[in-house]
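Only one structure is covered here, and it is reproduced in the block below.
2 protein chains.
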Amino acid sequence: MKIIVVGLGLIGGSIAKALKQNTAHVVLGIDVDEDSLLDACSCGALDGKADTEDLKTADLVYLCVYPQAALAFAGKFGPLLKEGCVLTDTCGVKGVVCQGMEALPGRYSFVAGHPMAGKERSGFSASDPSIFVGASYIIADTGAPDRAVRTVEDLARSMGFGRVVHTTPRRHDQMIAFTSQAPHVLACGYVMSPRCPEHQGFSAGSYRDVSRVANINDALWSRLFLDNREALVEELDELQRNIGAIRDAVASGQEEQLRRLLQKAAGIKRRFG
Amino acid sequence: MKIIVVGLGLIGGSIAKALKQNTAHVVLGIDVDEDSLLDACSCGALDGKADTEDLKTADLVYLCVYPQAALAFAGKFGPLLKEGCVLTDTCGVKGVVCQGMEALPGRYSFVAGHPMAGKERSGFSASDPSIFVGASYIIADTGAPDRAVRTVEDLARSMGFGRVVHTTPRRHDQMIAFTSQAPHVLACGYVMSPRCPEHQGFSAGSYRDVSRVANINDALWSRLFLDNREALVEELDELQRNIGAIRDAVASGQEEQLRRLLQKAAGIKRRFG
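As they're listed, the protein sequences go chains A and B.
Numbering of the first sequence is given in the working numbering, commencing with residue 2 and proceeding in unit increments.
Numbering of the second sequence is given in the working numbering, commencing with residue 2 and proceeding in unit increments.
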């Protein structure tokens, strides 16, 4: 297959590297940043730069850019893609992307994907295919043909993903609000404490783990948060209520109630991991 | 020196093992659980069980039990300890322990300590001296003689701790509310979400790190929280305000304000680690 990766940041760069390492497909790239493209070509993550002719003959295109940029690319270049070409994205929100894609013309098949992997750094220089090993690759149902979905699944497994999970765009966004977005919000809220600048010498694993993702890419995450506003606000309200219940039990000295709440949490963690 | 470790749980067991591995001192143990004592003796973590005569001749006693049990032990057996014996605790709160110790009679010198190490499991079977390597050992000032403080410091370094930090009991409790207690509260509040039982397949590093300490020992932590009520409630109110500010920016769609908040958090994390 001829595969084009659009956007050679952390995820796009890691996908290009994983495809070159684990498959025999031709992998070409597109990026507004010429340096990232050159780096990717010189380190063997790409076979070369893609041009308009390549788009016309591509079998699969990965959109590894922000949600609005993915929609803009599909709107502009989608009409060039051949019939049967698989266009798939890697955006962290699926509702806005799937709705936007539905409105666009084109003969390609759109598959909505979300590789559940990342790290605190961004950009091609941080890309590393090992972040995919054993991770989940989520596919949100958009009514794409089975053949297109299977192609994306097969490539995910080739790249080292441990499982492919199928869901709806709405459920994806609700689950991601809990598993990924809320932890980023609370890491940010946590480090804003006036005690944070003095934590050295008083901190250990708990501090390190909760604050890890606070070094956030504000441009990316503010868009992801706003593109998932309803589900994220619901999740944060839930979190605030639950922290508030523990806070109130501590403030009023209700030891039995406090123990019940902690037991409940410990039971959930033991049961669901 | 003849050293007695009172309480052979995660911390006491790890201290006994670290002392036997790294020093030539005689290490004896006391525990209400006969099995833990036998296990500790048979694996070489202890030279034997301590009796009343050993307490009378001990050079140093580690209290590795809950705060109220540490005070009860010191009240009951403190009068037996010889002049110059160093009595030191490892409790996670220092205000109530230091105040309680001050009121007790005895010829020993009390040094308030807090080894900043732990893990999600508890009990002697989980004990492991490697949890101390590179960690902080906090000593809260109680006016103990320099010689006694130096003895506790030297043993901490022998056990592998990376640094000894001196502070006041009050400041210890404020900092620990931030670095350790608040992360435990928010891990518990976090897993109470109705989305938690379905996280498999949708979760990765962020979920794992934030939820790690939710499998909490409710008997221990409810006491630690209540023994540090004022500082913990202040820290949780701060956390709730900061999460609330991000939540409100998302809910009202204020992208610029949201980015400013995320930038602020990222800047703090980059600067203070």
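Virtual Cβ for every residue (Gly too), placed ideally from N, Cα, C.
Computed from a prediction, not measured in an experiment: that's the story for all the values here.
Nearest residue (CA-CA) to residue i, options the options
i	options	result
A/Thr143	A/Leu263, A/Phe111, A/Arg158 and A/Val87	A/Phe111
A/Gly202	B/Leu225, B/Tyr191 and B/Gly163	B/Gly163
B/Ser207	A/Asp174, A/Leu221, A/Gln182 and A/Arg230	A/Gln182
B/Cys42	B/Val6, B/Gly76 and B/Lys77	B/Val6
A/Gln264	B/Glu103, B/Ala220, B/Ala266 and B/Leu259	B/Ala220
A/Asn243	B/Met193, B/Gly93 and B/Ser37	B/Met193
B/Asp174	B/Gly93, B/Met117 and B/Ala205	B/Gly93
A/Val30	A/Ile4, A/Cys44, A/Met102 and A/Ala252	Going by the sequence as given, residue 30 of chain A is Gly instead of Val. Of the listed residues, the one whose Cα sits closest to A/Gly30 is A/Ile4.
A/Val251	B/Arg261, B/Asp238 and B/Leu259	B/Asp238
A/Phe226	A/Arg271, A/Ala205, A/Arg260 and A/Val186	A/Val186
B/Ala205	A/Ala266, A/Phe179, A/Ser37 and A/Gly268	A/Phe179
Straight-line Cα distance separating residue j from residue i
i	j	result
B/Asp55	B/Ala70	20 Å
B/Leu20	A/Asn216	38 Å
A/Ala113	A/Ser137	14 Å
B/Leu240	A/Glu257	24 Å
A/Leu11	A/Lys18	11 Å
A/Asp60	A/Leu72	19 Å
B/Thr58	B/Leu88	13 Å
B/Ile16	B/Met160	7 Å
A/Glu154	B/Tyr191	31 Å
B/Met2	B/Tyr67	25 Å
A/Leu39	A/Leu9	11 Å
B/Phe273	A/Cys197	8 Å
B/Leu233	A/Glu35	50 Å
A/Leu156	A/Gly119	18 Å
A/Ser131	B/Asp52	55 Å
A/Lys95	A/Trp222	14 Å
A/Ala246	A/Ser126	43 Å
A/Asn23	A/Asp129	13 Å
A/Thr152	A/Arg172	23 Å
A/Cys44	A/His26	17 Å
A/Glu84	B/Glu199	37 Å
B/Glu231	A/Glu231	34 Å
A/Leu262	B/Val28	38 Å
Endpoints, the alpha helix (DSSP H) within which residue i is located
i	result
B/Thr53	Thr53 to Thr58
A/Ser123	Premise fails: A/Ser123 is in no alpha helix (DSSP H) and is neither H nor E.
A/Ile140	No alpha helix (DSSP H) holds A/Ile140; the beta strand (DSSP E) holding it covers Ser137 to Ala141.
B/Thr152	Asp147 to Ser159
B/Val27	Counting along the chain, B/Val27 falls outside any alpha helix (DSSP H), though it belongs to the beta strand (DSSP E) covering Val27 to Ile31.
B/Tyr208	Gly206 to Ser212
A/Ile16	Leu11 to Asn23
A/Val6	Counting along the chain, A/Val6 falls outside any alpha helix (DSSP H), though it belongs to the beta strand (DSSP E) covering Lys3 to Val7.
A/Leu38	Glu35 to Ser43
A/Lys83	Per DSSP, A/Lys83 belongs to no alpha helix (DSSP H) and is neither H nor E.
B/Gln241	Arg230 to Ala252
Span of the beta strand (DSSP E), counted from its first residue to its last, around residue i
i	result
B/Asp90	Val87 to Asp90
B/Ser110	Ser110 to Pro116
A/Arg171	Unbroken run through A/Arg171 is the alpha helix (DSSP H), Pro170 to Ile177; no beta strand (DSSP E).
B/Tyr63	Leu61 to Leu64
A/Lys77	Segment Pro68 to Phe78 is the alpha helix (DSSP H) holding A/Lys77; no beta strand (DSSP E) there.
Residues near residue i in its chain [Cβ-Cβ closer than 8 Å; skip 5 each side]
i	result
B/Thr169	Ala141 and Asp142
B/Leu82	Leu56, Lys57, Ala59, Val62, Leu88, Gly107, Arg108 and Tyr109
A/Pro184	Val214
Burial state of residue i, where buried means 16 or more other Cβ atoms lie within 10 Å
i	result
B/Glu167	For clarity, residue 167 of chain B is His in the given sequence; the question names Glu instead. By the 10 Å Cβ count, B/His167 comes out exposed.
B/Asp147	exposed
A/Gly49	exposed
B/Glu236	buried
B/Pro80	exposed
A/Pro195	exposed
B/Arg224	buried
B/Asp32	buried
B/Asp210	buried
B/Ser253	exposed
A/Arg158	exposed
B/Arg271	exposed
Same chain, Cβ closer than 7 Å to residue i, neighbours up to 5 away in sequence not counted
i	result
A/Cys189	Ala215 and Ile217
A/Cys99	Ala113, Ala141, Thr143 and Pro170
A/Asp90	Leu64, Ala71, Val98, Ala113 and Gly114
A/Val150	Val112 and Ile140
A/Phe78	Leu56
A/Ala46	Gly14, Ala17, Lys18 and Lys21
B/Phe133	Ser15, Ala19, Pro116, Ala118, Met160, Gly161 and Phe162
B/Glu121	Arg213, Val214 and Asn216
A/Gly101	Leu72
B/Leu105	Ala75, Gly76 and Gly79
Contacts around residue i, its chain only, beta-carbon distance under 6 Å, and the 5 residues preceding and following it disregarded
i	result
B/Gly135	Gly163
A/Asp228	Pro68, Val94 and Val97
Distance cut-off 7 Å: residue i Cβ against heavy atoms of the ligand PLP
i	result
B/Met102	In terms of ligand content, the structure shown is empty, and the ligand PLP therefore cannot be addressed.
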